[in-house]
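Enquirer: Positions 1 to 191 (UniProt numbering) are the ones given, in order, by the sequence shown.
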Amino acid sequence: MFNLVIFGPPGAGKGTQSAKIIDNYKLAHISTGDMFRMHISQNTALGQKVKQILADGLLVPDSITIEMLEEEVQRNPDATGFIFDGFPRTVPQAEALDTFLESKNEKIDLVLQLDVTESEIKNRIAERKKVSGRADDDEDKLIKRIDEYFTKTIHVLPYYQSQGKVVKINGIGEVEAIFGMICAAIDEAKS
Ligand code: ADP
């Protein structure tokens, strides 16, 4: 198996690059953000629980997120690897993921850090807002999400750096050029 975490602030391009990676490397894509939005649109019990949290741009509690993530991994027993997009977002989530994968004799092989400046993120999300219809792309909610990123999520980076797994990719530039750098990093980690 080859397991990858794609890491970066909101609007870094995680979703865009994940779509290209799964095409090329046949990994199963798990986006916790997409999963929450699916639960909300289907009005499930979980969706009702997290709806307001997402709308406010805050992080869903770890226990809920971890349980949902683990269930999704279990639902894909034939996957040759996973790309985790938007997870882990806190150190406890990263620890839980390591413990969970260990129990399956698996591990995270690579963490791709998409490096993008705060001003670029704000510009991109303002653009995305025009088409996404995402309530959390509103300026005040975006500020909240960026705040959550810099207070909670950023600590996931040193966690993986201490394991020697992080490769930093410049997330500003052409989508294809960024994808090229990502492929080089994946090929290197696989060899
Ligand atoms: P973005 O990367 O643009 O912020 P996502 O689609 O990854 O968007 O996430 C949208 C929202 O879903 C987050 O703001 C948060 O409320 C919730 N969410 C997604 N993943 C997690 C997670 N791992 N832990 C807690 N909350 C999460």
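Idealized CB from N, CA, C, for every residue including glycine. As the structure is a computational prediction, the values presented were derived from the model and not from experiment.
Mind checking who Phe82 pairs with in its DSSP beta bridge?
Expert: For Phe82, which the question treats as bridged, DSSP gives the partners Ala28.
Enquirer: Distance, Cα to Cα, Asp140 vs Asp34?
Expert: If I take the Cα positions, the gap works out to 21 Å.
Enquirer: According to DSSP, is Leu142 helix, strand or coil?
Expert: Correct three-state label for Leu142: helix.
Enquirer: For Asp115, which of helix, strand or coil comes out of DSSP?
Expert: In this structure, Asp115 counts as strand in the three-state DSSP scheme.
Enquirer: On the criterion of 16 or more Cβ atoms from any shown chain inside 10 Å, does His39 qualify as buried, or is it exposed?
Expert: With 16 or more other Cβ atoms within 10 Å, it is buried.
Enquirer: State yes or no: is the C-beta of Gly57 nearer than 7 Å to some heavy atom of the ligand ADP?
Expert: Yes, the beta carbon of Gly57 sits closer than 7 Å to at least one heavy atom of the ligand ADP.
Enquirer: Please determine, among Val73, Leu114 and Ile125, the residue with the shortest C-alpha to C-alpha distance to Ser103.
Expert: The shortest Cα separation from Ser103 among Val73, Leu114 and Ile125 belongs to Val73.
Enquirer: Find out if the Cβ-Cβ distance for the pair Lys26, Thr99 is shorter than 8 Å.
Expert: Against a cut-off of 8 Å, the Cβ pair of Thr99 and Lys26 comes out as no contact.
Enquirer: Given 7 Å as the limit, tell me if Ser191 has its C-beta closer than that to any heavy atom belonging to the ligand ADP.
Expert: No, the beta carbon of Ser191 sits no closer than 7 Å to any heavy atom of the ligand ADP.
Enquirer: Taking three-plus beta-carbon pairs below 8 Å as touching, is the stretch 152-169 in contact with the stretch 180-187?
Expert: The stretch 152-169, when compared against the stretch 180-187, does touch it at the 8 Å Cβ threshold.
Enquirer: Tyr160 and Val111 look like a contact to me (Cβ under 8 Å); what is the Cβ gap, rounded to whole Å?
Expert: Rounded, the Cβ-Cβ distance is 4 Å, consistent with contact.
Enquirer: According to DSSP, is Phe7 part of a helix, a strand, or is it coil?
Expert: Phe7 falls in the strand class under three-state DSSP.
Enquirer: Applying the 10 Å Cβ sphere with the 16-neighbour rule, what's the burial state of Arg75?
Expert: Counting Cβ neighbours within 10 Å, Arg75 comes out exposed, since fewer than 16 surround it.
Enquirer: Assign Asp187 to one of two classes, buried (16 or more other C-beta atoms within 10 Å of its C-beta) or exposed (fewer than that).
Expert: That one is exposed.
Enquirer: Per DSSP, what are the beta-bridge partners of Lys168 in this structure?
Expert: Answer is Gln113.
Enquirer: Which first and last residues belong to the alpha helix (DSSP H) in which Gly47 is found?
Expert: Where Gly47 is concerned, the enclosing alpha helix (DSSP H) stretches over Ala45 to Ala55.
Enquirer: Considering only their Cβ atoms, is the gap separating Gln93 from Thr65 smaller than 8 Å?
Expert: Contact flag set, yes.
Enquirer: Which class does Glu188 belong to by DSSP, given the choice of helix, strand or coil?
Expert: It is helical.
Enquirer: Buried or exposed: where does Lys107 fall if 16 or more other Cβ atoms within 10 Å of its Cβ makes it buried?
Expert: Burial call: exposed.
Enquirer: Tell me which residues share the same chain as Arg124 and place their Cβ nearer than 6 Å to its Cβ, disregarding the 5 neighbours each side in the sequence.
Expert: Counting only Cβ-Cβ distances below 6 Å, and skipping sequence neighbours, we find Gly11.
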